[in-house]
Ligand code: NAD
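Numbering (full-length UniProt numbering), first residue to last: 6 to 265.
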C-alpha cells in the first residue's frame, strides 16, 4: 500500500513507535528509525525490518529536544531515502510530580520532547510533502491530550498542545493532499508505563501484577492494554486512501477512558 513511500517515526527504537514503524514497513514503506538505545540492538531492528518486509531503512540518533538535530534529521532522511512522505511524531517521556514540586528542567524536557519536537519536524517536513501533493502526519498524543490527571502537568499540557497543533496543521494543509491527525491511546504496556507500574508497586507495597491491575482500573473501564501493533494498524489506516478526508481528528483508542 505504501510501496515507494518513506516514513519517519520519532522514538521508534522502543514501544509504540517500534510497533508503528513495523506496521508501516509491512505495507512496503521505507522507514527512518529514531530514538535512543543500544546501537547494536537498533541495528538488529533495522536489519529485521529490511529482511522481513524488503524495505529500506535509515537510523537517526537525533535528540528530539534539540531543534537543530531535528532539522538535520529531516534533511538527512530526505537525502538518504529520497522523501519523507509519512511523519509520525511519537517520541515522548513522562515525569510525575505535583506542580508545586515539579522541577523546572523536567517541565522543559517534557514540553520539548513531547510537543515542540512535533512543531519542528512538521515545519521541516511540510514543504516537500506539499510540493509532492501527498503527505501523512500522525501525532501520537494520549488520552491525556483530551483529559487531565493529577501529577502530570507537563505531560498533559504537552499532549493537549499536540492535539491543538494537529488541528492547526490540518487547517493549514486542507486541499494540499496532506492530512494531519492525532491518535490518543489509553494504557499501552511499554517501558514508559512499566516504570509507572513499578513505581506504583513500590509506593503501595503491592505486587507488580496488582499494580498493573490498579493502574488500568483507576482510569480505563476496559481493563486491557492496547498493543503497539493495534496502534500501528490505526496509523496504517490513517495513511490509506480510505482516510484521505480524515484530517484534524484526535482519535481515542483508550478502552473508554475518555468516555466519561
Ligand atoms: P517508550 O519509552 O517505550 O518509547 C519512547 C521512545 O522515544 C523511545 O524510542 C525513546 O528512545 C524515544 N525518545 C525518548 N526521548 C527521546 C529524545 N529526546 N529524542 C529522541 N527519541 C527519544 O514509550 P512509549 O510508551 O512507546 O511512548 C511513545 C509515545 O506514546 C509517547 O509520546 C507517549 O507519550 C505516548 N503514549 C504512551 C502511552 C502508554 O500507555 N505507553 C499512552 C498514550 C500515549
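We put the beta carbon where it would ideally sit given N, CA and C, even for glycine.
Ends of the alpha helix (DSSP H) at residue 104? Against the chain shown, residue 104 aligns to sequence position 99. Looking at the DSSP string, residue 104 is not in any alpha helix (DSSP H), and its letter there is neither H nor E.
Which one of 141, 72, 77, 211 has the shortest CA to CA distance from residue 116? Counting from one through the chain shown, the residue named residue 116 turns up at place 111. Cα-wise, what sits closest to residue 116 is 72.
So, residue 75 versus residue 64, is the Cβ gap smaller than 9 Å? As a first step, residue 75 is located in the chain shown; it is residue number 70 there, counting from the start. As a first step, residue 64 is located in the chain shown; it is residue number 59 there, counting from the start. Their beta carbons are not under 9 Å apart, which means residue 75 does not touch residue 64 by this criterion.
Does the stretch 168-179 come within contact of the stretch 201-219, defined as at least 3 CB pairs closer than 8 Å? no
Take residue 97 as the anchor and find which of 121, 82, 90, 91 has the nearest alpha-carbon. On the chain shown, position 92 is the one that residue 97 refers to. Selected option, being the one with the closest Cα: 121.
Under the three-state DSSP convention, the category residue 145 falls into: In the chain shown, counting from the first residue as 1, residue 145 sits at position 140. Residue 145 falls in the strand class under three-state DSSP.
Of the listed residues 155, 123, 82, 265, nearest to residue 105 (C-alpha basis): For the purposes of this step, residue 105 is taken as the residue at position 100 of the chain shown. Residue 105 has its Cα closest to that of 155, out of 155, 123, 82, 265.
Express the C-alpha separation of residue 59 and residue 147 in angstroms, rounding to a whole number. Here the question's residue 147 lines up with position 142 in the chain shown. Here the question's residue 59 lines up with position 54 in the chain shown. The straight-line gap from Cα to Cα measures roughly 32 Å.
Taking a contact to mean a Cβ-Cβ separation below 9 Å, would you say residue 5 touches residue 261 in this structure? Residue 5 lies beyond the range of the chain shown here (6 to 265); nothing can be said about it.
Buried versus exposed call for residue 225 [16 or more other C-beta atoms within 10 Å across all chains shown]: The sequence position of residue 225 within the chain shown is 220, counting from 1. With 16 or more other Cβ atoms within 10 Å, it is buried.
Which residues in the same chain as residue 129 place their Cβ atom closer than 6 Å to its Cβ, once the five residues preceding and following it in sequence are excluded? Working through the chain shown from its first residue, we reach residue 129 at position 124. So the list reads 76, 79, once near-sequence residues are dropped.
Let's test the definition: count the other Cβ atoms within 10 Å of the Cβ of residue 41 and tell me whether it reaches 16, buried, or not, exposed. Walking along the chain shown from the start, residue 41 turns up at place 36. Flag for residue 41 reads exposed.
Given this structure, state the Cα-to-Cα distance separating residue 17 from residue 255, to the nearest angstrom. For the purposes of this step, residue 17 is taken as the residue at position 12 of the chain shown. For the purposes of this step, residue 255 is taken as the residue at position 250 of the chain shown. Taking the straight line from one Cα to the other gives about 21 Å.
Spatially closest choice to residue 249 from 209, 33, 184, by CA coordinates: Position 244 of the chain shown, counting from 1, holds the residue named residue 249. Closest by alpha carbon: 184.
Inter-residue Cα distance where the pair is residue 28 and residue 14: Here residue 28 corresponds to residue number 23 of the chain shown, with the count starting at 1. Here residue 14 corresponds to residue number 9 of the chain shown, with the count starting at 1. Approximately 11 Å between the Cα atoms of the pair.
Based on the DSSP output, what are the partners of residue 28 in its beta bridges? Walking along the chain shown from the start, residue 28 turns up at place 23. Beta-bridge pairing links residue 28 to no other residue.
Quick check: is any heavy atom of the ligand NAD less than 8 Å from the C-beta of residue 63? Along the chain shown, read from residue 1 onward, the residue named residue 63 stands at position 58. No.
Compute the Euclidean distance between the alpha carbons of residue 110 and residue 247, then round it to the nearest angstrom. Position 105 of the chain shown, counted from the first residue, corresponds to residue 110. Position 242 of the chain shown, counted from the first residue, corresponds to residue 247. Each residue's Cα considered, the two are about 42 Å apart.
Whose C-beta lies closer than 8 Å to the C-beta of residue 242 among residues of the same chain, with five residues either side of it excluded? Start at 1 with the first residue of the chain shown, and residue 242 comes out as number 237. Only 248 meet the Cβ criterion.
So the candidates are 99, 67, 84; which of them puts its Cα closest to the Cα of residue 200? Along the chain shown, one-based indexing puts residue 200 at 195. It is 99 whose Cα lies nearest to the Cα of residue 200.
Given a threshold of 16 other Cβ atoms within 10 Å of its Cβ, counted over all protein chains shown, does residue 158 qualify as buried or as exposed? As a first step, residue 158 must be located in the chain shown, where it is residue number 153. Residue 158 should be labelled buried.
Check this for me: beta carbons of residue 86 and residue 35, under 9 Å apart or not? For the purposes of this step, residue 86 is identified with residue 81 of the chain shown, where counting begins at 1. For the purposes of this step, residue 35 is identified with residue 30 of the chain shown, where counting begins at 1. Cβ atoms of residue 86 and residue 35: closer than 9 Å.
Examine the ligand NAD and report whether any of its heavy atoms sits within less than 8 Å of the Cβ of residue 171. The residue you call residue 171 lines up with position 166 of the chain shown. No, the ligand NAD has no heavy atom inside 8 Å of this Cβ.
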